[in-house]
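Structure first, then comments.
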Amino acid sequence: MPLLPLKAILLSVLLIFIAISFLNPSMAGAADPKKKLSDIQKKIQSTMQKVKESRQKEKSVLERIGDIDRSIKKKERELKDYDKRMSRTQAKITNLSEEIRRLNTKLGSRQGHLKERLRALYKQQYGGYALLLISATDYQELIKKSKYISMIAYYDKRIINKYSLDIKEINSKKRELESLGEKLRTNKNLAQKMQKSLQTDRIKKDKLLAMIRSKRKSYEKSIKELEASSKKLRKMMKRLKKKKLPKSIVGKGFRSLKGRLPWPVSGRVVIPYGKYKDPEFNITTYKNGIELKPAAGETPKAVAGGRVVYADWFKGYGLLLIIDHGSGYHSLYGNLSEIFLETGNILIEGTVVGKTGKSRLLNFPTLYFEIRHKGKPLDPMKWLKRKARIKKRIK
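Quick look at the structure:
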């Protein structure tokens, strides 16, 4: 069902309120303009919400399942991506842990060596190096011993620097390890949420499929009932008493009106005559008539003059009205919520026959309409005026 654009709907609502104000001045004067504007805005918001809800309802069950399937596939891809990320992070954590272990071993070795050097330095601070220099026998030996002491000092300094760098590297690796651990925990939490969401989607899909299977069975049962009702209706129509209709009602005969009959309601055809595939349950059936969606508040009218031969509930058709137009021709008006006529009533073209009721297949009111000749269903579209012709005449 195509929906009007929001702007058109809002404009319609606004025009209705303006029209009411002009048609009822006393009401317009009594109301506060600000309050009126606020009321209009509230009604506009309400209309927008109804339009939104209507659009959501229009999505068929199969489309919803398609949406869920796409959502499931997307989430499965994301879940795989999370698994890959976690695997990569875990591998990094393993490698980093090994590096930290190796550095700690290295650090322990350096630490032991430094302790030895510190003990040696502690002993030498009470004149060790000074005695070494004093014991030199000549200048050359003094220079040599001075260089030796400098080399030892340089070596000690290098050991201390390396030890310091090892500590810094270990601390850096530990921070990196902590960051990777946090990243892994985050990805695990996201993966768990995605898994739950995926499970919810699968449950939702299973419920929808179960509903479709249940409704399909109900729908198939309904179709069988309609087919049986159609056969029963055909037999009943053959048994109907043939009473001659007044000439003023029959005129030139119903057959001469082919392609010129007025529409019982001005709305569009929502279920056509003949083969019809239900978009929600993917079931193909054969329709003996058409379903029309009337305009808001519109009542169905007789397409031609005749006599009412049936006005009661009929299985598969709901409240049904049958009009005999003579020469074996009948028009049928089903899915009514109320019938205004009785069996035996003679009527003319355009007589209001009743009120439309809610469709068994759709979520809005429809009129079911058939034309039959000697019990055999005919395509109503070949008998009704073409919409294009109607528009042309209006212009």
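Under numbering that gives the first Met the number 0, the first residue of the sequence shown carries the number 0, and numbering increases by one thereafter.
Where a beta carbon is used, it is the ideal one built from N, C-alpha and C, also for glycine.
The ligand MG and residue i: does any heavy atom of the ligand fall closer than 7 Å to the residue's C-beta?
i    : result
N188 : With respect to small molecules bound, the structure shown includes none, and the ligand MG cannot be examined in it.
May I have the straight-line CA-CA distance separating residue i from residue j, to the nearest angstrom?
i    : j    : result
L261 : K300 : Residue 261 is actually Pro in this sequence, not Leu. Looking at the two C-alpha atoms, the distance is approximately 9 Å.
K384 : K195 : 57 Å
R84  : K182 : 9 Å
W312 : L78  : 56 Å
H324 : G273 : 23 Å
G315 : M193 : 47 Å
P263 : F368 : 8 Å
K402 : N186 : What is shown of the chain runs 0 to 394, which leaves residue 402 out entirely.
D205 : D68  : 11 Å
V12  : A295 : Reliability fails at V12, whose pLDDT of 47 lies under 50, so the model's placement of it is uncertain and no value is given.
L164 : S86  : 31 Å
E341 : A209 : 43 Å
G356 : D66  : 32 Å
G126 : K172 : Note that G126 scores 49 on pLDDT, short of 50, meaning its location in the model is unreliable and no value can be drawn from it.
M235 : R254 : 22 Å
E57  : F363 : A caution first: E57 carries a pLDDT of 47, below 50, which makes its placement in the model unreliable, though a value can still be read off. Their Cα atoms are separated by approximately 11 Å.
K161 : L102 : 12 Å
I370 : G266 : 18 Å
V269 : S326 : 30 Å
H372 : P293 : 25 Å
K167 : T104 : 15 Å
R63  : R76  : 20 Å
G111 : R157 : 15 Å
G343 : K231 : 21 Å
E115 : N94  : 32 Å
N188 : T88  : 14 Å
L386 : P271 : The displayed chain sequence assigns Lys, not Leu, to residue 386. Going by the C-alpha atoms only, they are around 15 Å apart.
R174 : I159 : 23 Å
M0   : R184 : At M0 the pLDDT is 42, less than 50, meaning the model places this residue with poor confidence and gives no usable figure here.
A227 : S336 : 22 Å
Thinking C-beta only, is residue j closer than 8 Å to residue i?
i    : j    : result
Y328 : L319 : no
T365 : L291 : yes
K74  : D200 : yes
L176 : S96  : yes
T298 : V351 : yes
A190 : Y81  : yes
L179 : I92  : yes
G353 : N334 : no
L207 : I71  : no
Just to check my reading of the structure: residue i and residue j have Cβ atoms closer than 8 Å, yes? What is that Cβ distance to the nearest angstrom?
i    : j    : result
V307 : E348 : So it is not a contact: roughly 14 Å between Cβ atoms.
L346 : G374 : About 21 Å separates the two Cβ atoms, so there is no contact after all.
I338 : L331 : Contact doesn't hold; Cβ gap of about 12 Å is too wide.
W382 : G252 : Not really, about 13 Å apart at Cβ, beyond 8 Å.
L106 : I169 : 7 Å
P379 : I289 : 5 Å
Does residue i get closer than 8 Å to chain C when you measure Cβ to Cβ?
i    : result
L383 : Any reference to chain C falls outside this structure, which holds one protein chain only.
Query raised in the report: Which ranges would you report for the beta strand (DSSP E) in the segment 264-341 if only whole runs of at least 3 residues count?
Result: 268-270, 273-276, 283-286, 289-291, 305-313, 317-325, 328-338
Requested in this report: Mind listing, in chain order, the continuous beta strand (DSSP E) runs of no fewer than 3 residues lying wholly within the segment 345-387?
Outcome: 353-357, 364-372, 375-377
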